[in-house]
Amino acid sequence: MSSRFLEIDDNLIVRRSPRARQLSLRLDNRTGAAILTLPRGVSVREAALFATEHKGWLARQRAALPPAIRLAPGEEVPILGRPHAIIHDPDAGRQPAVEAEPAAIRVGGAPSEVANRVRRYLKNRAGEELTPRVAHYAAALDVSYSRLRLNDPMGRWGSCSATGTLSFSWRLVMAPGWIIDYVVAHEVAHLKEMNHSRRFWTHVRRLVGDPAPARAWLGQQGTALQRVG
Ligand SMILES: [Zn+2]
């Protein structure tokens, strides 16, 4: 990165994207990094000016971020909406074990591996939660999908490709079950309607009822889930 950008912000990632249509500046909630995207033909000078103009906006966005939560002993990580204390127990197994009362996730092995183990557990668990829901809603709408993929996108919970691949953020496993239901129903409904038309929302409603509470929940609490890990 050129020093020009460093002067604007010390956590700024500059990207060139042939697909981008305009200059954009976004905040990656997961890391707090600013992402400046340059479309083809835009000069570094123009981009630097644009970023400078949006410095105030960026600072406000960063200040509004919920605190970052590390996957470390003593911290709490939500699983299906319920906070679980992360406990490192040298005598416990290397595979994290989830305990109900009090809610905890107990991890053995080297302390330096706790975060990786918990993250791996959450990703596996996300697959276990998502797969049956996708199958259930796909059957209800009589559609089929080609693949289910877990990822960690910057600003979305799920997506549906034209080829029928459904992708979901593994972070959904931290949300309550009814939120996962909604996001899965939303993406599965895209297999019927690749848009957000009235027909699309009719399919969603048929699967999970009124989507408004889940959408509101994601708007209010979603950022906190991106701050974990
Ligand atoms: Zn959609």
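The numbering used here numbers the first residue of the sequence shown as -2 and each following residue consecutively. Yeah, the Cβ is synthetic: ideal placement off N, Cα and C, and Gly gets one too. If you're wondering where the values come from, they're calculated on a predicted model, not measured in any experiment.
Helix, strand or coil for residue i? Go by DSSP, reduced to three states.
i, result
"V41", "helix"
"R196", "helix"
"R144", "strand"
"H51", "coil"
"G174", "helix"
"T162", "strand"
"L35", "strand"
"P75", "strand"
"R103", "strand"
"R13", "strand"
"G155", "strand"
"L69", "Sequence check: residue 69 is Ala here, not Leu. Coil, per DSSP."
"P129", "helix"
"E96", "strand"
"L215", "helix"
"P80", "strand"
"L119", "helix"
"R91", "coil"
"L24", "strand"
In whole angstroms, what is the alpha-carbon distance linking residue i and residue j?
i, j, result
"G71", "I84", "7 angstroms"
"L35", "S141", "37 angstroms"
"V74", "R42", "42 angstroms"
"L145", "N121", "13 angstroms"
"K52", "I5", "7 angstroms"
"A65", "A112", "14 angstroms"
"E110", "Q223", "21 angstroms"
"P15", "R37", "5 angstroms"
"R202", "P80", "29 angstroms"
"G174", "P210", "13 angstroms"
"R103", "G155", "29 angstroms"
"A186", "A136", "11 angstroms"
"L127", "A213", "21 angstroms"
"P87", "A100", "19 angstroms"
"R114", "L46", "43 angstroms"
"Q19", "P150", "20 angstroms"
"A44", "S21", "9 angstroms"
"A132", "G161", "13 angstroms"
Under 6 angstroms Cβ to Cβ from residue i, same chain only, skipping five residues before and after it: list those, please.
i, result
"Y118", "P93"
"I10", "A30, I32"
Kindly list the residues whose CB is nearer than 7 angstroms to the CB of residue i, restricted to its own chain and excluding five residues on each side of it in sequence; keep chain order.
i, result
"R116", "L68, G226"
"K189", "L138, V140, H200"
"R130", "I177, D178, V181"
"A89", "R103, V104, G105"
"Y134", "V181, A182, V185, L204"
"A172", "G78, L222"
"L215", "W154, I176"
"S143", "T160, G161, T162"
Go through its chain and collect everything with a Cβ distance to residue i's Cβ below 8 angstroms, but skip five positions before and after it.
i, result
"M191", "C157, A159"
"N148", "S164, F165, S166, W167"
"L24", "A30, A31, I32, L55, Q58, R59, L62"
"R153", "S166"
Roughly how far, in whole angstroms, is the beta-carbon of residue i from the beta-carbon of residue j, given that I think they are within contact range, below 8 angstroms?
i, j, result
"A123", "V181", "Not quite, the Cβ-Cβ distance comes to about 11 angstroms (not below 8 angstroms), so this is no contact."
"N26", "T220", "5 angstroms"
Can you list the residues near ligand 1, meaning Cβ strictly closer than 6 angstroms to any non-hydrogen atom, in the order they appear in the chain? H183, H187, H193
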